[in-house]
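Position 62 of the sequence shown, counting from 1, maps to 119 under my numbering, and the rest follow consecutively.
In what follows, a single structure is set out as structure tokens and then discussed.
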Amino acid sequence: MSVERTFSIVKPDAVAAGQAGEILAHIEKAGFRIVALKMMRLTEAQARGFYAVHRERPFFNGLVKFMTEGPIIVMALECEDAVKGLREVMGATNPANAAEGTIRKRFAQNIERNCIHGSDAPETAETELRFFFSTAELL
Ligand code: UDP
Ligand code: MG
């Protein structure tokens with residue numbers, strides 16, 4: 058294991074529900090350092106670009122609509138084995154399958170409106186961090 062960075066989003070459902078603070082506290086209590094953070098609202102083009110890997114999937118248009126419906130919080134997070142660790146703290150994509158005590162078990166509504174994003178691999182984390190943050194913001 059080594060210190061690593063990952064990328065995360067508090068999604069529009071959780072921001073609108075006033076759960077952003079509790080989700081950030083959950084992440085910090087799990088041992089992550091918040092390296093960078095900002096609130097923003099995605100344009101349709103940004104959402105389509107960020108989720109381009111899913112563009113052929115049946116849920117893509119709904120996902121883009123959801124991710125652009127309101128403000129989100131984007132974050133760079135750091136700890137040992139951060140990518141895998143955040144995925145564990147988040148829980149399964151479908152909250153019905155998420156383990157007790159995970160963020161999605163606590164706050165997600167369904168497989169689409171699932172409150173948080175986390176990168177799925179170190180290479181993806183690099184790409185996703187670069188999508189939202191400049192070099193200076195990641196110092
Ligand atoms: N999603 C959806 N329907 C599905 C699968 C995924 O609406 O059947 C949405 C959901 O918001 C999910 C995102 O698309 O978080 C990206 O899907 P992915 O399989 O990458 O899940 P994640 O990595 O977020 O767990
Ligand atoms: Mg994913």
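Just so you know, even glycine gets a beta-carbon here, dropped at the ideal spot from N, CA and C.
Got a sec: does the ligand UDP put a non-hydrogen atom nearer than 7 Å to the Cβ of residue i?
i	result
G119	yes
T184	no
F116	yes
N154	no
T150	yes
I66	no
I91	no
I168	yes
H83	no
Along the chain, where does the beta strand (DSSP E) that runs through residue i open and close?
i	result
F190	Neither: F190 is in no beta strand (DSSP E) and is coded neither H nor E.
L196	Note, L196: premise wrong, no beta strand (DSSP E); not H, not E.
A133	129 to 137
Taking the alpha helix (DSSP H) that residue i falls in, what are its first and last residues?
i	result
R114	Run containing R114: none; DSSP gives neither H nor E here.
K162	160 to 164
K86	77 to 86
D177	Looking at the DSSP string, D177 is not in any alpha helix (DSSP H), and its letter there is neither H nor E.
A71	69 to 73
Cutting at 7 Å between CB atoms, please list the residues of its own chain near residue i, excluding the five before and the five after it.
i	result
G148	A155, A156, T159, I160, R161, K162
F116	E169
L195	V92, A93, A133, L186
F190	A93, A133
D2	Since the first residue shown for the chain is 58 and the last is 196, residue 2 is missing from the structure and cannot be characterised.
T150	I168, N171
Would you say the beta carbon of residue i is closer than 7 Å to some non-hydrogen atom of the ligand MG?
i	result
D177	yes
Quick one: what's got a C-beta closer than 8 Å to residue i's C-beta in the same chain, skipping five residues either side?
i	result
K68	F123, M124, I129, R170, N171, C172, I173, H174
V37	Past the boundaries of the shown model lies residue 37; the chain is included only from 58 to 196, so the question cannot be answered.
V121	E101, A104, R105, Y108
Report all residues from its chain with a CB closer than 6 Å to the CB of residue i; omit the five preceding and five following residues, and keep chain order.
i	result
G88	C136
F164	A71, Q76, C172
I66	I129, V131, H174
What ranges does the alpha helix (DSSP H) occupy inside the region 88 to 113, keeping only unbroken runs of at least 4 residues that lie completely in it? 101 to 107
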